[in-house]
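Residue numbering for the sequence shown follows the working numbering, beginning at 96 and increasing consecutively. Ideal Cβ positions, reconstructed from N, Cα and C, are used throughout, including at glycine. Reading through the structure tokens given below for one structure.
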Amino acid sequence: MYNFEYKKSLGQNFLKDKNIVNKIVDAISFEDNNLVIEIGPGSGVLTKEILKKCDQALIYEIDTRLEKVLSKELIIYKNYKLIFEDFLKADLKGDLKQYHYDHLYLIANLPYYITTPIMGKIIDDGINVEKVVIMIQKEVADRFIAEVGSKEYGQITVFLNYFFNIDKVINVNKNSFVPKPKVDSSVIRLIAKKDREELISFEYFKKLIKDSFRFKRKTIRNNLKEYDLDVVNKVLNKYGLTLDTRSECIAYYVFVELSNELCKK
Ligand code: SAM
96 MYNFEYKKSL
106 GQNFLKDKNI
116 VNKIVDAISF
126 EDNNLVIEIG
136 PGSGVLTKEI
146 LKKCDQALIY
156 EIDTRLEKVL
166 SKELIIYKNY
176 KLIFEDFLKA
186 DLKGDLKQYH
196 YDHLYLIANL
206 PYYITTPIMG
216 KIIDDGINVE
226 KVVIMIQKEV
236 ADRFIAEVGS
246 KEYGQITVFL
256 NYFFNIDKVI
266 NVNKNSFVPK
276 PKVDSSVIRL
286 IAKKDREELI
296 SFEYFKKLIK
306 DSFRFKRKTI
316 RNNLKEYDLD
326 VVNKVLNKYG
336 LTLDTRSECI
346 AYYVFVELSN
356 ELCKK
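In structure tokens:
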């Protein structure tokens, strides 16, 4: 309709299946006085459904060519602010200061090439988002929701499980998009944990899990050679594990305890 040329480099695969759009928005269960952050509205197919249900929305789109499309598509809605900016460079905390809300949600059909940096930013910026519903590449979703001991379980699983309870909403076939991407997708929901275990140092925790998963096939003894292995061993033994355990068999809360005990030293 708009003669728009999709940019692969910006992950521009737009949703065409209305049923999936509804499933994404319904996965939020909106509460009163909410604010939704949307990343990458594209032509606004998901945005319109969000705006019907939310109180206010703050939307980031990197591609200014979409300004014309979005101003037409969203013309009847007044409850949003659209910022043409790279979300990764946005002053999210500053932008949020202009709002009063009781519940903060994030909804997005994400540009897949920056899924992990986007999740990192949401956490690093400390914005206290309560629920996140995102469409991501299926393979990546499987890593986010992986069970301890599975081959998909890794650094990102541990990191996200510390902050969120994560579940899969639905798998989405490539035919639900224009243009059709090469990979299948999944919609996942992340709900912030209210009573997280305290971390003495978040930076230390991040480094510890990065080091623990450096060589996936190796034991924790090998991956954490430079750490105090007596302390590591003591914590692992509490959970029936040893230094010969591989990181993929260690639950996130054990990493939290390891991080805190090693930090005290
Ligand atoms: N939400 C639309 C939908 O569901 O049809 C479009 C989703 S499309 C997968 C990803 C969108 O994110 C595109 O509109 C793209 O231009 C935008 N985008 C890509 N990188 C971005 C970034 N760094 N910051 C903000 N938006 C970005």
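**Request:** Alpha carbon to alpha carbon, how far is D339 from I134? Give it in angstroms, no decimals.
**Result:** In the sequence shown, residue 134 corresponds to position 39, counting from 1. In the sequence shown, residue 339 corresponds to position 244, counting from 1. Distance between the alpha carbons of I134 and D339: 42 Å.
**Prompt:** Just reading off the beta strand (DSSP E) that Y155 is part of, what are its end residues?
**Reply:** Mapped onto the sequence shown, residue 155 falls at position 60. Looking at the DSSP string, the run of the beta strand (DSSP E) that includes Y155 is 151-156.
**Asked** Fully enclosed by the region 160-204, which alpha helix (DSSP H) runs are 4 residues long or longer?
**Response** 162-168, 187-191
**Prompt:** What are the partner residues of A287, as DSSP defines its beta bridges?
**Reply:** Translated into the one-based positions of the sequence shown, residue 287 becomes position 192. BP columns for A287 point to F259.
**First through last residue of the alpha helix (DSSP H) which encompasses L357** = One-based indexing of the sequence shown puts residue 357 at position 262. From DSSP, the alpha helix (DSSP H) with L357 extends over 347-359.
**Asked** Which of the three DSSP states, helix, strand or coil, is assigned to F308?
**Response** Mapped onto the sequence shown, residue 308 falls at position 213. Coil at F308, not helix or strand.
**Asked** For N117, which residues from the same chain have a beta carbon less than 7 Å from its beta carbon, with the 5 sequence-adjacent residues on both sides left out?
**Response** Within the sequence shown, the letter at position 22 stands for residue 117. If we look at N117 and ignore the five residues flanking it on each side, its Cβ neighbours are E144.
**Prompt:** Looking only at C-alpha atoms, which of L187, L110, L199, V243 sits nearest to K216?
**Reply:** On the sequence shown, residue 216 is found 121 positions in, with the first residue counted as 1. Comparing Cα-Cα distances from K216 to each of L187, L110, L199, V243, the minimum goes to L187.
**Prompt:** When the Cα atoms are used, what is the spatial distance from S124 to V227?
**Reply:** For the purposes of this step, residue 124 is taken as the residue at position 29 of the sequence shown. For the purposes of this step, residue 227 is taken as the residue at position 132 of the sequence shown. S124 and V227: Cα-Cα distance of roughly 11 Å.
**Asked** Are there three or more Cβ pairs, one per stretch, closer than 8 Å when the region 288-296 is compared with the region 309-329?
**Response** no
**Asked** Can S281 and D237 be called in contact, C-beta distance under 9 Å?
**Response** The count along the sequence shown starts at 1 and reaches residue 281 at position 186. The count along the sequence shown starts at 1 and reaches residue 237 at position 142. The answer is yes: Cβ separation under 9 Å.
**Request:** Could you spell out the range, first to last residue, of the alpha helix (DSSP H) harbouring K143?
**Result:** Counting from one through the sequence shown, the residue named residue 143 turns up at place 48. Start and end: 140-148.
**Prompt:** Anyone know if the C-beta pair for H198 and E225 falls short of 9 Å?
**Reply:** Along the sequence shown, read from residue 1 onward, the residue named residue 198 stands at position 103. Along the sequence shown, read from residue 1 onward, the residue named residue 225 stands at position 130. Contact: yes.
**Asked** Who are the near neighbours of Q250 in its chain, counting only those whose CB is closer than 7 Å to its CB and skipping five residues on each side?
**Response** Locating residue 250 in the sequence shown gives position 155, counting from the first residue. Result list for Q250: I304, K305, F308, in chain order.
**Prompt:** Do D279 and K269 have their C-beta atoms within less than 9 Å of each other?
**Reply:** In the sequence shown, the residue the question calls residue 279 occupies position 184. In the sequence shown, the residue the question calls residue 269 occupies position 174. Cβ atoms of D279 and K269: closer than 9 Å.
**Message:** On the DSSP bridge list, what partners appear for S281?
**Reply:** Here residue 281 is taken as the residue at index 186 of the sequence shown, counted from 1. According to DSSP, S281 bridges with I231, N266.
**Boundaries of the alpha helix (DSSP H) in which N129 is found, first to last residue** = Sequence index remark: in the sequence shown, residue 129 carries index 34 (1-based). That residue, N129, is in no alpha helix (DSSP H); its beta strand (DSSP E) goes 129-134.
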